[in-house]
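Counted the way the numbering used here counts, the sequence shown spans residues 184 to 545. Glycine included, C-beta positions come from ideal geometry on N, C-alpha and C.
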Amino acid sequence: MASTGGARVNQEQRASPGGAGAQWASNATLEQIADRLRAAASVVVTTHSKPDGDAVGATLALARSLNRCGGKATVLYLDPWSSIFDPFIADTPVIHEHRNVWAEPALADPAAVAIVDTGSWNQLADARAWLEPRADRTVVIDHHVHGNPEVASMRCIDPAASSACELVAEVCLKLLGLQRSSELPLDIAEALYLGIATDTGWFRFSNTSAKAMHLAAELLEAGARHSMIYQAVEQNDKPARLKLMARALEHLEFLDHGRIAMMTIAHRDIVETGATMEDAGGMSDIPNCVGSVRVVAVLTELAPSLTKLSLRSKPGAGAVDVNRMAQRFGGGGHFHAAGAKIPLPLREAADAVARALTDGTP
């Protein structure tokens with residue numbers, strides 16, 4: 184993979200400012216972004232709604248690095264984070280969405296804003312009114328193939344990166360004046376390892392590159408505890424989640440001669456098993472173990488006329504670009520992992536997705 188520090192930014196990308204007509208592409212290097220954030224007296228670091236391991240790891244690592252080099256950084260989460268991330272957050276200054284969040288002093292007039300792991304208004308909707316007037320002082324560090332360039336005046340976008348944490352790691356090194364990730368402080372190293380490990384599916388997914396593995400090895404040298412991180416994230420389920428898995432498997436369907444697996448999770452399934460919406464995540468791994476399956480679609484009822492769609496595809500010959508499929512329903516993501524929110528009841532949404540996957544018509 185080419186270096187994201189500078190070589191990936193071509194002249195066309197450098198000429199793409201934020202705003203109407205700009206392309207979703209880099210117009211700054213990670214070094215330039217590090218310089219911009221270092222010069223800011225105060226920084227708000229934020230990410231997409233419903234933060235996952237990569238989002239949590241990237242925000243924490245960046246905020247901690249800024250605070251260690253003399254800055255004043257605060258993390259803003261637009262939703263409460265999953266309790267599995269509590270051991271990682273520790274004493275990092277964090278604000279999460281609540282009724283009076285925009286009255287928080289740290290959000291009044293930050294010198295800079297850093298958005299990691301997204302640049303899409305769809306995933307920043309709750310903060311859009313706050314972010315739009317601050318676009319000229321906002322930077323984005325992201326690895327997704329689609330976004331809204333007007334979100335930030337400075338952007339470093341690398342879809343080849345395994346995770347946002349892979350990119351943020353380079354920013355952390357530049358902020359702290361270090362040469363190797365093995366020199367990073369433990370709390371920063373473990374935050375970065377959390378993001379890389381979870382976004383690569385614990386180094387199983389096709390985005391597991393040599394660069395990601397080398398970085399992970401250096402983070403282990405820095406003291407990151409692989410077993411602790413894995414157990415905190417993957418072996419911390421409640422009994423209710425297993426009951427919900429059983430319900431989801433009851434609704435499992437195979438289409439197109441076993442190439443497509445679809446699962447639906449109704450709101451009543453969540454209520455009757457005593458689970459939560461958070462427990463409904465990560466179900467796509469179950470049908471993916473079937474050899475014939477190339478695409479998994481999991482549909483979860485969010486409201487009577489709103490359904491969450493999660494799509495996963497296996498790499499290899501004939502791999503399906505689920506990002507393109509998700510875009511047809513107003514969402515997006517990566518080639519092998521994407522999602523959308525469909526304004527239809529669960530059954531109607533499932534039928535529409537089945538048609539789109541089998542004959543190409545929503």
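By Cβ distance below 7 angstroms, which residues in the same chain neighbour residue i in space, the five residues on each side in sequence not counted?
i: glutamate 531; result: none
i: lysine 233; result: Asp262
i: leucine 527; result: Ser488, Thr490 and Ala535
i: proline 498; result: Ser389 and His519
i: threonine 235; result: Note that residue 235 is aspartate in the sequence shown, not threonine. Excluding positions up to five away in sequence, the list reads Thr381.
i: isoleucine 412; result: Glu373, Tyr376, Leu377 and Ala380
i: proline 470; result: Leu435, Ala444, Met446, Val476 and Val479
i: alanine 533; result: Met445, Thr447 and Leu482
Terminal residues of the continuous alpha helix (DSSP H) containing residue i?
i: phenylalanine 271; result: 269 to 272
i: leucine 398; result: 393 to 404
i: valine 354; result: 347 to 359
i: arginine 338; result: No alpha helix (DSSP H) holds arginine 338; the beta strand (DSSP E) holding it covers 337 to 340.
i: histidine 409; result: 409 to 417
i: valine 536; result: 529 to 542
i: valine 505; result: 505 to 510
For residue i and residue j, I'd like the C-alpha separation in whole angstroms.
i: alanine 256; j: leucine 249; result: 6 angstroms
i: leucine 489; j: methionine 337; result: 34 angstroms
i: aspartate 218; j: leucine 358; result: 8 angstroms
i: threonine 459; j: threonine 229; result: 24 angstroms
i: threonine 541; j: aspartate 504; result: 14 angstroms
i: alanine 502; j: aspartate 439; result: 15 angstroms
i: serine 365; j: glutamate 373; result: 11 angstroms
i: arginine 430; j: isoleucine 453; result: 9 angstroms
i: alanine 520; j: aspartate 341; result: 16 angstroms
i: aspartate 370; j: phenylalanine 271; result: 8 angstroms
i: glycine 513; j: arginine 538; result: 16 angstroms
i: leucine 220; j: valine 226; result: 7 angstroms
i: alanine 294; j: proline 316; result: 13 angstroms
i: glutamine 206; j: alanine 423; result: 44 angstroms
i: alanine 400; j: phenylalanine 437; result: 39 angstroms
i: tryptophan 385; j: alanine 310; result: 31 angstroms
i: cysteine 348; j: valine 473; result: 30 angstroms
i: leucine 550; j: valine 322; result: Since the displayed the chain opens at 184 and closes at 545, residue 550 lies outside it and no answer follows.
i: cysteine 169; j: glutamate 461; result: Residue coverage of the chain in this structure runs from 184 to 545, which leaves residue 169 outside it and unanswerable.
i: valine 328; j: serine 467; result: 22 angstroms
Would you kindly report the start and end of the unbroken beta strand (DSSP E) that includes residue i?
i: glycine 378; result: Not the beta strand (DSSP E): glycine 378 falls in the alpha helix (DSSP H), residues 369 to 382.
i: lysine 524; result: 520 to 525
i: leucine 259; result: 256 to 260
i: histidine 279; result: 277 to 279
Please return the same chain residues whose Cβ sits closer than 8 angstroms to the Cβ of residue i, not counting the five positions on each side in sequence.
i: arginine 442; result: Ser475, Val476, Arg477 and Val478
i: lysine 426; result: Thr456, Gly457 and Ala458
Only counting the same chain, and skipping five residues up and downstream in sequence, which positions put a Cβ closer than 6 angstroms to that of residue i?
i: cysteine 339; result: Ser209, Ala211, Leu213, Ile216 and Ile324
i: leucine 485; result: Lys491
i: alanine 405; result: Ser365, Leu367 and Ala372
i: histidine 279; result: Tyr260 and Pro263
i: phenylalanine 268; result: Val239
Checklist entry - Going along the chain, which unbroken runs of the alpha helix (DSSP H) with 4 or more residues stay wholly within the stretch 437 to 501? => result Uninterrupted alpha helix (DSSP H) stretches at least 4 residues long and entirely within the stretch 437 to 501 occur at 450 to 456, given in chain order.
Checklist entry - Can you list, in chain order, the stretches of the beta strand (DSSP E) that have 3 or more residues and sit fully within the stretch 282 to 324? => result Scanning the stretch 282 to 324 for uninterrupted beta strand (DSSP E) segments of 3 residues or longer gives 295 to 299, listed from N- to C-terminal end.
Item to check | the stretch 237 to 247 / the stretch 386 to 401 touching (three or more Cβ pairs under 8 angstroms) | outcome: When C-beta atoms of the stretch 237 to 247 are compared with those of the stretch 386 to 401, fewer than three pairs fall below 8 angstroms, so the two segments do not count as touching.
Next on the checklist: Suppose only complete runs of 3+ residues qualify. What are the beta strand (DSSP E) ranges in the stretch 204 to 237, listed by chain order?
Outcome noted: For the beta strand (DSSP E) assignment, the uninterrupted runs of no fewer than 3 residues enclosed by the stretch 204 to 237 are, from N- to C-terminal side, 226 to 229.
Next on the checklist: Within 8 angstroms, do at least three Cβ pairs link the stretch 327 to 335 to the stretch 297 to 311?
Outcome noted: Because the criterion of three Cβ pairs below 8 angstroms is met, the stretch 297 to 311 and the stretch 327 to 335 touch.
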